[in-house]
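Participant:
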Amino acid sequence: MRALVPSHAMLHKPLMDTAAGDAEIAGVTRAPDLWRALRAAASALVDYALPPRCPGCGVIVGADRQFCLECWSALDFLDGPACMQCSIPLPTALAAAPLSCGACLADPPPFDGAPAAVAYGKIARTVALRLKYGRRTGHAQLMAQFMARRLAALGPVDAMLLVPVPLHRWRLWSRGFNQAALVVDALARLTGAECDHRLLLRTKSTASLRGKRRRERERIVAGAFALAPHAKARAAGRHVVLIDDVHASGATLRAAARVLRRSGAARVSALTWARVVPESLMTGNIFDFASLDSDINDERMTGKPNGED
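Using numbering that gives the first Met the number 0, you'd call the opening residue of the sequence shown number 0 and step up by one each time.
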């Protein structure tokens, strides 16, 4: 294929119509090639010194944010039939049938769907903990890559407003970042969806929800969230999507979604990286979903008791 070269009639500078001008053009076109070559060389040098590693187990892999075969095979992708409200898997349901689980029929959640990319298991847990407590902030981009497809399934992305589950200011100061906000930023870059980090505020520092019964969990998170002053003007008529890392008992997501409902949003949904699924519905998932929440316990990672999140 011949290169597209402008005709002499299209050349505006006299210099460009001369041999010297041709040399200048060649120099300009060669510069980006040289820059790309230098970047490739630098990238190869970094990969040699610090090779990319699997986010799940740490073995060397071919590229950044890439799982090894063993860890990839251990991930349970939640693409099958599920409750249309809370997204708990319904293995015996027909794929095209819009069904609700018994829990949602008895007590409908305040969100219109809450999909997750994967089931909460050993690898998904490791990725979440390394982001949250190990400061592997690049894992937010990894999560977003898997979550983007599930986000698109919720509806038109251009109508969405992504909102992270906020941290209380004391927890934010101690940790230094909100992992949900990092995922929101990565999702916004990948999908083009709008986001607002300040639409929802955390006004109360809450205790850990781990090991608590449902009514106690609901009581702990009651009143923990509030709308920002600009929320109604920003969210009115929009599809607000609440973003968090893990959906376990769902107490935190429900409390946040109830507050977002008061913003005048047309729809409120939730999206997470991992969904804790009862063992009877997902083979290989050995975790007790009733004892967990989106506030993953950090005691195993840091040796310190968990607070609110």
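Think of the CB as a built atom: it goes at the ideal place given N, C-alpha and C, for glycine as much as any other residue.
Does the stretch 122-139 come into contact with the stretch 48-68, if we say contact requires no fewer than three beta-carbon pairs (one atom in each stretch) closer than 8 Å?
Facilitator: Judged by Cβ distances under 8 Å, the stretch 122-139 makes contact with the stretch 48-68, as three or more pairs qualify.
Participant: Once you ignore the five residues that flank Arg-135 on each side, which residues in its own chain have a CB closer than 7 Å to its CB?
Facilitator: Position 136 of the sequence shown, counted from the start, is the residue given in the question as residue 135. Here the set comprises Arg-129.
Participant: In chain order, what residues of the same chain have a beta carbon less than 7 Å from the beta carbon of Ala-320, not counting five sequence neighbours either side?
Facilitator: Residue 320 lies beyond the stretch modelled for the chain, which goes from 0 to 308, so this question has no answer here.
Participant: For Asp-244 and Asp-32, I'd like the C-alpha separation in whole angstroms.
Facilitator: Here residue 244 corresponds to residue number 245 of the sequence shown, with the count starting at 1. Here residue 32 corresponds to residue number 33 of the sequence shown, with the count starting at 1. Taking the straight line from one Cα to the other gives about 40 Å.
Participant: Can you give me the Cβ contacts of Val-60 inside the same chain, cut-off strictly under 6 Å, excluding the 5 residues immediately before and after it?
Facilitator: Taking the first residue of the sequence shown as 1, we reach residue 60 at position 61. Hits under 6 Å: Pro-51, Cys-53, Cys-67.
Participant: Which residues share a DSSP beta bridge with Thr-271?
Facilitator: Mapped onto the sequence shown, residue 271 falls at position 272. Looking at the DSSP assignment, Thr-271 forms a beta bridge with Ala-115, Asp-243.
Participant: Going by C-alpha distance, which of Cys-100, Ala-256, Leu-104, Pro-277 is nearest Leu-270?
Facilitator: Looking up residue 270 in the sequence shown gives position 271. Nearest of Cys-100, Ala-256, Leu-104, Pro-277 to Leu-270, Cα basis: Ala-256.
Participant: I need the DSSP call for Ile-59, collapsed to helix, strand or coil.
Facilitator: For the purposes of this step, residue 59 is taken as residue 60 along the sequence shown, with counting starting at 1. Note: Ile-59 maps to strand in three-state DSSP.
Participant: Look up His-238 in the DSSP assignment and give the residues it is bridged to.
Facilitator: The residue given as residue 238 occupies position 239 in the sequence shown. Paired residues: Met-159, Arg-266.
Participant: Let's test the definition: count the other Cβ atoms within 10 Å of the Cβ of Trp-272 and tell me whether it reaches 16, buried, or not, exposed.
Facilitator: Taking the sequence shown and counting its residues from 1, one reaches residue 272 at position 273. It counts as buried.
Participant: Note the first and the last residue of the continuous beta strand (DSSP E) segment covering Ala-225.
Facilitator: One-based indexing of the sequence shown puts residue 225 at position 226. First-last of the beta strand (DSSP E) with Ala-225: 224-226.
Participant: Check the DSSP bridge columns for Phe-76 and list the partner residues they point to.
Facilitator: The residue labelled residue 76 in the question sits at position 77 within the sequence shown. Paired residue(s): Val-117.
Participant: Among Ala-73, Ser-99, Gly-79, Asp-75, which has the Cα closest to the Cα of Cys-85?
Facilitator: As a first step, residue 85 must be located in the sequence shown, where it is residue number 86. The option with the nearest alpha carbon to Cys-85 is Ser-99.
Participant: What residue range does the beta strand (DSSP E) around Arg-201 cover?
Facilitator: In the sequence shown, residue 201 corresponds to position 202, counting from 1. Segment 199-201, the beta strand (DSSP E) holding Arg-201.
Participant: Quick one: what's got a C-beta closer than 8 Å to Gln-140's C-beta in the same chain, skipping five residues either side?
Facilitator: Locating residue 140 in the sequence shown gives position 141, where the first residue counts as 1. So the qualifying residues of the chain are Arg-64, Ala-185.
Participant: How would you label His-138, buried or exposed, when you count the other beta carbons within 10 angstroms and need 16 or more for buried?
Facilitator: Here residue 138 refers to the residue found at position 139 when the sequence shown is read from its first residue. His-138 should be labelled buried.
Participant: Assuming Asp-184 is part of the alpha helix (DSSP H), what are its boundary residues?
Facilitator: Your numbering for residue 184 matches position 185 in the sequence shown. Taken as a continuous stretch (DSSP letters only), the alpha helix (DSSP H) holding Asp-184 covers 178-190.
Participant: Distance check for Pro-163 and Ala-225, CA to CA, integer angstroms please.
Facilitator: One-based indexing of the sequence shown puts residue 225 at position 226. One-based indexing of the sequence shown puts residue 163 at position 164. One C-alpha to the other measures close to 13 Å.
Participant: Would a C-beta distance cut-off of 8 Å place Thr-250 and Leu-208 closer than the cut-off?
Facilitator: Taking the first residue of the sequence shown as position 1, residue 250 is located at position 251. Taking the first residue of the sequence shown as position 1, residue 208 is located at position 209. Per the sequence shown, residue 250 should be read as Ala rather than Thr. Result yes, Cβ atoms of Ala-250 and Leu-208 sit closer than 8 Å.
Participant: Figure out for me which residue from Met-159, Gly-222, His-167 has the closest Cα to the Cα of Ala-265.
Facilitator: Locating residue 265 in the sequence shown gives position 266, where the first residue counts as 1. Of Met-159, Gly-222, His-167, the residue nearest in Cα terms is Met-159.
Participant: Can you have a look at Gly-229 and say buried or exposed, based on whether 16 or more other CB atoms are within 10 angstroms of its CB?
Facilitator: Taking the first residue of the sequence shown as position 1, residue 229 is located at position 230. Note that residue 229 is His in the sequence shown, not Gly. Classification for His-229: exposed.
Participant: Are Ala-116 and Phe-145 close, meaning C-beta to C-beta below 8 Å?
Facilitator: By one-based count along the sequence shown, residue 116 stands at place 117. By one-based count along the sequence shown, residue 145 stands at place 146. Cβ distance < 8 Å, so Ala-116 and Phe-145 count as in contact.
Participant: By the three-class DSSP mapping on this structure, what secondary structure does Cys-85 have?
Facilitator: Within the sequence shown, numbered from 1, the residue matching residue 85 stands at position 86. Reduced to three states, the DSSP call for Cys-85 is coil.
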